[in-house]
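A short worksheet on the structure shown next.
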Amino acid sequence: MKKIIVLNFLIAVAFYSNGYSQSNDSTKLVNPSAPPDSALKIIPAPLDNNGTTANNKMYHVKIPLVSAIIAVGGATDLIAINRIKGKANISDAEIDALNPLLLNVFDRWGLHQNTSDRDLFKKVSDYSQVPFDLLPLFLMTNKKVQKEWLPILLMFVEGHTITFSFYNYSPLGPTFQNRYRPMTYYSEYTLQERENGNNRNSFYSGHVASCSYSSFFMAKVYCDYHPNIKGGKKILVYSAAAIPPLLMSWFRVKALDHFTSDCLVGLTLGAVMGVVIPDLHKFHCKNIGFGVATFPNATGLSFHWNMTTDKKVANLQTLALRKE
């Protein structure tokens with residue numbers, strides 16, 4: 015039985031910017047030119063014709079920091095993946111206790127596959143992972159993106175590392191989850207094959223998460239550099255981004271390695287990473303630090319991230335006060 019210790023941290027994030035100050039009673043952003051008693055609104059400043067900021071940089075990638083994240087994440091992921099693949103074998107009693115009726119109807123589809131197709135789809139999913147993961151390299155054919163190819167490449171690798179680390183270390187991943195793969199339910203396979211410890215790693219699909227990250231990262235970066243893509247066109251771009259991970263999901267279910275829900279969770283998490291990570295690199299980060307936050311009813315750790323707009327970058331998102 016697993017014992018999970020949940021640490022509740024009170025996170026206080028303080029945002030500072032040129033021309034803003036913080037009041038003593040509550041957190042407020044004050045614009046000296048704004049009328050009093052006004053409400054805060056976020057007004058995104060316009061981009062130039064290339065969709066980039068005033069200093070011609072769409073993203074702010076700190077190479078030493080990103081390189082450190084990639085190095086540390088890669089090293090810890092190697093440790094984690096070996097541990098995940100080395101889980102204890104499934105016992106005879108566990109195999110005997112398997113009951114397909116305990117699965118939701120949505121996932122039972124994975125138990126009605128042609129076992130003779132398993133090897134084919136397993137190879138297809140493994141061999142197609144690399145091309146799917148490298149899809150964002152096509153961005154380098156775009157002239158607008160080529161100017162920042164190194165920061166974007168580093169950001170892409172960083173995101174892959176974070177996505178994989180989330181798979182390896184989050185409570186949703188196989189380090190904490192022990193869901194049996196679909197093939198464990200098939201009596202057509204030998205007991206030795208079904209009892210392999212790796213068959214405890216059904217939830218969630220790392221293949222799909224990785225593929226989803228790449229395709230949605232590509233869509234996000236492309237749309238950022240082409241701000242004229244709006245409305246229906248933008249929906250079309252992101253819909254197209256869902257095609258590769260959906261294909262990978264199909265392969266993984268047919269390979270008897272994952273249930274439908276395993277794949278959909280992987281697709282969702284990968285998509286979130288692919289969109290959020292480029293967005294985070296649109297901010298300048300200064301004075302990141304930790305401390306203690308004390309409130310009337312609680313005390314906890316605080317995380318301070320001073321996110322500012324560069325003085326030379328006038329058209330990053332600007333915070334301003336406007337009277338309602």
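Converting from the sequence shown to my numbering requires adding 14 to each position, the first position being numbered 1.
Glycine included, each C-beta is placed from N, C-alpha and C at the ideal position.
Everything numeric in this text was worked out from a predicted model, so none of it was measured.
>> Under DSSP, the alpha helix (DSSP H) around Pro258 begins and ends at which residues?
In response: Position 244 of the sequence shown, counted from the start, is the residue given in the question as residue 258. Its alpha helix (DSSP H) spans residues 257–268.
>> Taking the beta carbon of Gly187 as the centre, do at least 16 other beta carbons fall within 10 Å, making it buried, or is it exposed?
In response: By one-based count along the sequence shown, residue 187 stands at place 173. Buried: at least 16 other Cβ atoms inside 10 Å.
>> Give me the residue from Tyr73, Ser142, Leu151, Gly173 with the minimum Cα distance to Asp286.
In response: Translated into positions along the sequence shown, residue 286 becomes position 272. Checking the sequence, you will find Val at residue 286 rather than Asp. With distances taken between CA atoms, Val286 lies nearest to Gly173 out of Tyr73, Ser142, Leu151, Gly173.
>> With a threshold of 7 Å on Cβ separation, who are the neighbours of Asn120 within its own chain once the five nearest residues in sequence on each side are excluded?
In response: Residue mapping note: residue 120 aligns to position 106 of the sequence shown, counting from 1. According to the sequence shown, residue 120 is Phe rather than Asn. If we look at Phe120 and ignore the five residues flanking it on each side, its Cβ neighbours are Thr274, Ser275.
> Taking all protein chains shown into account, do 16 or more other C-beta atoms lie within 10 angstroms of the C-beta of Val235, making it buried, or fewer, making it exposed?
Replying inline: Sequence index remark: in the sequence shown, residue 235 carries index 221 (1-based). The Cβ neighbour count for Val235, taken over all protein chains shown within 10 Å, is at least 16; the residue is labelled buried.
> Grouping DSSP H, G and I as helix and E and B as strand, with all else coil, what is Glu207?
Replying inline: For the purposes of this step, residue 207 is taken as residue 193 along the sequence shown, with counting starting at 1. In the structure shown, Glu207 sits in a helix (DSSP, three-state: H, G or I).
> If you count every other CB in all the chains shown that lies within 10 Å of the CB of Phe190, and 16 or more means buried, which is it?
Replying inline: Reading the sequence shown from its first residue, position 176 is the one you call residue 190. Exposed: under 16 other Cβ atoms inside 10 Å.
> Mind checking Val289: buried by the 16 CB within 10 Å criterion, or exposed?
Replying inline: As a position in the sequence shown, residue 289 is number 275, starting the count at 1. Of the other Cβ atoms in all chains shown, 16 or more fall within 10 Å of the Cβ of Val289; this residue is therefore buried.
> Whose C-alpha, out of Val144, Asp147, Trp163, is nearest the C-alpha of Leu153?
Replying inline: Numbered from 1 along the sequence shown, position 139 holds the residue referred to as residue 153. Closest in C-alpha terms to Leu153, from the list Val144, Asp147, Trp163, comes Trp163.
>> Please report the distance separating the alpha-carbon of Tyr181 from that of Ala254.
In response: As a first step, residue 181 is located in the sequence shown; it is residue number 167 there, counting from the start. As a first step, residue 254 is located in the sequence shown; it is residue number 240 there, counting from the start. Rounded to the nearest angstrom, the gap between the Cα atoms of Tyr181 and Ala254 is 24 Å.
> Does the stretch 189–209 touch the stretch 86–93, meaning 3 or more C-beta pairs lie closer than 8 Å?
Replying inline: The stretch 86–93, when compared against the stretch 189–209, does not touch it at the 8 Å Cβ threshold.
>> Rounding to the nearest angstrom, what Cα-Cα distance links Leu168 and Leu92 in this structure?
In response: Residue mapping note: residue 168 aligns to position 154 of the sequence shown, counting from 1. Residue mapping note: residue 92 aligns to position 78 of the sequence shown, counting from 1. Rounded to whole angstroms, Leu168 to Leu92 spans 19 Å at the Cα level.
> Which first and last residues belong to the alpha helix (DSSP H) in which Met232 is found?
Replying inline: By 1-based counting over the sequence shown, the position of residue 232 is 218. Met232 -> alpha helix (DSSP H) spans 220–239.
> What number of angstroms, rounded off, separates the C-alpha of Ile166 from the C-alpha of Thr155?
Replying inline: If you number the sequence shown from 1, residue 166 lands on position 152. If you number the sequence shown from 1, residue 155 lands on position 141. Taking the straight line joining both Cα atoms gives about 13 Å.
> Starting from His174 and walking both ways along the alpha helix (DSSP H), at which residues does that stretch end?
Replying inline: Reading the sequence shown from its first residue, position 160 is the one you call residue 174. Segment 163–183, the alpha helix (DSSP H) holding His174.
> How many Å lie between Arg132 and Asn210 at the Cα?
Replying inline: Locating residue 132 in the sequence shown gives position 118, where the first residue counts as 1. Locating residue 210 in the sequence shown gives position 196, where the first residue counts as 1. Note on geometry: alpha-carbon atoms of Arg132 and Asn210 lie some 16 Å from one another.
>> Starting from Glu108, trace the alpha helix (DSSP H) in both directions and tell me its first and last residue.
In response: Taking the first residue of the sequence shown as 1, we reach residue 108 at position 94. Unbroken alpha helix (DSSP H) run through Glu108: 106–111.
> Between Gly124 and the rest of its own chain, which residues show a CB-CB distance below 6 Å, the 5 nearest in sequence each way excluded?
Replying inline: As a position in the sequence shown, residue 124 is number 110, starting the count at 1. Closer than 6 Å at the Cβ level, and outside the excluded window around Gly124, lie Pro196, Val267, Phe273.
>> My assumption, with CB atoms under 8 Å, is that His295 sits in contact with Val159. Please give the rounded CB distance.
In response: Counting from one through the sequence shown, the residue named residue 295 turns up at place 281. Counting from one through the sequence shown, the residue named residue 159 turns up at place 145. Their Cβ separation, rounded to whole angstroms, is 14 Å, which puts His295 and Val159 out of contact at 8 Å.
>> Judging by CA-CA distance, which residue of His126, Cys277, Ser105, Leu260 is the nearest neighbour of Leu115?
In response: The residue labelled residue 115 in the question sits at position 101 within the sequence shown. It is His126 whose Cα lies nearest to the Cα of Leu115.
>> Starting from Lys8, trace the alpha helix (DSSP H) in both directions and tell me its first and last residue.
In response: Because the chain is modelled from 15 through 338, residue 8 falls outside the range shown and cannot be assessed.
> Taking the alpha carbon of Asn215 as the point to measure from, which residue in Asp271, Lys136, Tyr141 has its own alpha carbon closest?
Replying inline: Position 201 of the sequence shown holds residue 215. Taking only the C-alpha atoms, the option nearest Asn215 is Asp271.
> Is the beta carbon of Phe170 sitting closer than 9 Å to the one on Ser226?
Replying inline: Looking up residue 170 in the sequence shown gives position 156. Looking up residue 226 in the sequence shown gives position 212. With respect to Ser226, Phe170 sits apart: the two C-beta atoms are not nearer than 9 Å.
>> I'd like to know whether the C-beta atoms of Gln143 and Met232 end up nearer to each other than 9 Å.
In response: Counting from 1 along the sequence shown, the entry for residue 143 is found at position 129. Counting from 1 along the sequence shown, the entry for residue 232 is found at position 218. No.
> Near Lys244, what residues of its chain come up, given a Cβ to Cβ distance below 8 Å and the 5 sequence neighbours on each side ignored?
Replying inline: Against the sequence shown, residue 244 aligns to sequence position 230. Here the set comprises nothing.
>> I need the straight-line Cα distance from Ala223 to Cys277, nearest angstrom please.
In response: As a position in the sequence shown, residue 223 is number 209, starting the count at 1. As a position in the sequence shown, residue 277 is number 263, starting the count at 1. Spanning the two alpha carbons is a distance of roughly 8 Å.
>> Quick check on DSSP: helix, strand or coil for Gly88?
In response: Mapped onto the sequence shown, residue 88 falls at position 74. It is helical.
> For Thr274, which three-state DSSP category applies?
Replying inline: Numbered from 1 along the sequence shown, position 260 holds the residue referred to as residue 274. Here Thr274 carries a helix assignment [DSSP, helix/strand/coil].
>> Taking the alpha helix (DSSP H) that Phe120 belongs to, which residues open and close that run?
In response: Along the sequence shown, one-based indexing puts residue 120 at 106. Taken as a continuous stretch (DSSP letters only), the alpha helix (DSSP H) holding Phe120 covers 119–122.
>> Quick check: the Cα distance between Thr282 and Ile104, rounded to an integer number of angstroms?
In response: As a working note, residue 282 is residue 268 in the sequence shown. As a working note, residue 104 is residue 90 in the sequence shown. If you take the alpha carbons of Thr282 and Ile104, they lie about 29 Å apart.
> Where do the ends of the alpha helix (DSSP H) carrying Lys157 lie?
Replying inline: As a first step, residue 157 must be located in the sequence shown, where it is residue number 143. Unbroken alpha helix (DSSP H) run through Lys157: 157–160.
> Taking Cβ to Cβ, would you say Thr129 is nearer than 9 Å to Glu202?
Replying inline: The residue labelled residue 129 in the question sits at position 115 within the sequence shown. The residue labelled residue 202 in the question sits at position 188 within the sequence shown. In this structure, the beta-carbon distance from Thr129 to Glu202 falls below 9 Å.
> Which class does Pro188 belong to by DSSP, given the choice of helix, strand or coil?
Replying inline: Within the sequence shown, the letter at position 174 stands for residue 188. In this structure, Pro188 counts as coil in the three-state DSSP scheme.
>> Within a Cβ cutoff of 7 Å, which residues of the same chain sit near Phe135, ignoring the five residues on either side of it in sequence?
In response: Here residue 135 corresponds to residue number 121 of the sequence shown, with the count starting at 1. Apart from the 5 residues on each side of it in sequence, Phe135 sits with its Cβ closer than 7 Å to the Cβ of Phe265, Lys268, Ala269 in its chain, given in chain order.
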